[in-house]
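Chains as they are written, first to last, in our numbering: chain A, 96 to 210; chain B, 67 to 182. The beta carbon of each residue, even a glycine, is placed where N, CA and C say it ideally should be. This structure is a prediction, so every number in the text was calculated from the model and none was measured. These notes are about the structure you will find just below.
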């Protein structure tokens, strides 16, 4: 089992540019969540995708958008990059089980640096 | 709104000594609680979780945590620390329709240093 895989591992972009980060969930998982972890901080929830729809969203601007594909993989897009978007972006996958409890498994993250 | 507080930013312990990392949460319903560990430049690895039932939960790598509803706490403990335990530790509370796998709110983390 490959676990949660993210690509790329590192990325450098210029202010104002757009970026796309990718995530493949753990086998058997159908729910993908994205988190932003600034240096020295805990991860902050960006949004979650299930059945190809955004189900929950954290306190992030519309510049942050995402997509989930039929194979459950997901993309995170950030437009008009700001210096403050520099962070480690973490993808987490889990299995949706009604009336039950599941845990999230995290990928290694994508380190985005905006210059 | 849910929140998590980890009062200790840095903790240093000697190898072989016991460890307790503090976590306090604020959540209106029954919380789903987690401890994750992160090594430098890496993702998060789940150490243990509490969903319901026995308030003392066992995790991987010899860690355990105790849920105390009256104190809104979920402190992480290990009886004897190993040098390889040096890392950053995050406490998190889960929210959502099915709880655990959904939106997680993290604390700011505790950086653990182990002295040989």
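Opposing strand residues paired with residue i [DSSP bridges]
i	result
residue 101 of chain B	B:114, B:157
residue 139 of chain B	B:90, B:134
residue 161 of chain A	A:171
residue 225 of chain A	Since the first residue shown for chain A is 96 and the last is 210, residue 225 of chain A is missing from the structure and cannot be characterised.
Proximal residues of chain A, C-beta to C-beta of residue i below 7 Å
i	result
residue 174 of chain B	136, 137
Cβ-based neighbour list, residue i, same chain, cut-off 6 Å, excluding 5 preceding and 5 following
i	result
residue 84 of chain B	145
residue 188 of chain A	99, 120, 121, 124, 127, 200
residue 127 of chain B	none
residue 69 of chain B	92
residue 241 of chain B	Because residue 241 of chain B is not part of the residues shown, which for chain B are 67 to 182, the question remains open.
Expected contact under 8 Å - CB spacing of residue i and residue j to nearest Å
i	j	result
residue 71 of chain B	residue 175 of chain B	Their Cβ separation, rounded to whole angstroms, is 11 Å, which puts residue 71 of chain B and residue 175 of chain B out of contact at 8 Å.
residue 152 of chain A	residue 175 of chain A	Actually they are not in contact, since the Cβ atoms of residue 152 of chain A and residue 175 of chain A sit about 18 Å apart, beyond 8 Å.
residue 130 of chain A	residue 178 of chain A	No, residue 130 of chain A and residue 178 of chain A are not in contact; Cβ-Cβ is about 19 Å, not under 8 Å.
residue 150 of chain A	residue 143 of chain A	5 Å
residue 198 of chain A	residue 115 of chain A	Contact doesn't hold; Cβ gap of about 27 Å is too wide.
Same chain only: Cβ atoms within 7 Å of residue i, ignoring 5 sequence neighbours per side
i	result
residue 90 of chain B	71, 138, 139
residue 145 of chain A	125, 126, 191
residue 166 of chain B	With a pLDDT of only 46 at residue 166 of chain B, under the threshold of 50, the placement of this residue in the model should not be trusted; the figure read from the coordinates follows. Excluding sequence neighbours, residue 166 of chain B sits near 98, 115, 117, 160.
residue 182 of chain B	81, 149
residue 213 of chain A	Outside the shown range of chain A, which is 96 to 210, sits residue 213 of chain A, and nothing can be said about it.
residue 103 of chain A	205
residue 163 of chain A	127, 144, 147, 169
Test: residue i CB closer than 8 Å to a CB of chain C
i	result
residue 108 of chain B	Included in the structure are the protein chains A and B, with no chain C among them.
Residue i: contacting residues in chain B (beta-carbon distance under 7 Å)
i	result
residue 201 of chain A	109, 110
Cross-chain neighbours of residue i in chain B, by beta carbon under 9 Å
i	result
residue 131 of chain A	Here the premise fails: no neighbours, minimum Cβ distance about 11 Å.
residue 185 of chain A	109, 110
residue 204 of chain A	107, 108, 109, 110
Chain-ordered chain B contacts of residue i [CB-CB under 8 Å]
i	result
residue 140 of chain A	169, 170, 171
residue 111 of chain A	Going along chain B, no residue has its Cβ under 8 Å from residue 111 of chain A, so there is no contact; the nearest lies around 27 Å.
Own chain, CB closer than 8 Å to residue i, minus 5 neighbours either side, in chain order
i	result
residue 109 of chain A	176, 209, 210
Taking beta-carbon pairs under 7 Å, can you tell me which members of the stretch 148-159 of chain B lie near chain A?
Residues 156.
With 9 Å as the limit, tell me which residues of the stretch 156-177 of chain A have their beta carbon closer than that to any beta carbon of chain B; keep them in chain order.
When CB distances to chain B are screened at a threshold of 9 Å, not a single residue of the stretch 156-177 of chain A falls below it.
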